[in-house]
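A.B. asks:
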Amino acid sequence: MMGLIGFLGAICLGLCAVPEVLRTIKDKKCYLGNGFLYLWLGGEILLFIYVLPKGDVPLLLNYGFNLSLLAILCYYKWRKQ
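Each number in the working numbering comes from the position in the sequence shown (counting from 1) with 2 added on.
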């Protein structure tokens, strides 16, 4: 049961960035602040590294998916206009 709860939580956290990414792609502009993006990116990278040796698949999927979404957000935030 706890595994299912963890898996569902990972799905929810993994999907929470999707609406922001869709808005960013549509508007071709990321509205999130630099501090927020730096902290989010740092947290995702560090937690991905932490969970990698443990092999916790739901968390690895969550962090990997979030890193790919963050790459899109960072691209639109920091690209040359």
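Where is the CB? At the ideal position from N, CA and C, for every residue including glycine.
Start and end of the alpha helix (DSSP H) containing D29?
C.D. replies: Here the alpha helix (DSSP H) through D29 covers 20-29.
A.B. asks: Would you check if there are 3 or more beta carbon pairs closer than 8 Å linking the stretch 4-11 to the stretch 48-57?
C.D. replies: Not touching, per the Cβ criterion.
A.B. asks: Out of curiosity, what's the CA-to-CA distance linking G35 and F50?
C.D. replies: Using only the alpha carbons, I get a separation of about 22 Å.
A.B. asks: If distances are taken between C-alpha atoms only, which option among D29, R81, Y52, W42 comes closest to G1?
C.D. replies: The first residue shown for the chain is 3 and the last is 83, placing residue 1 beyond what the model contains.
A.B. asks: Whose CA, out of G45, L10, N68, lies closest to the CA of V20?
C.D. replies: Answer by Cα proximity: N68.
A.B. asks: Check C32 in the structure and name its three-state DSSP category.
C.D. replies: Correct three-state label for C32: coil.
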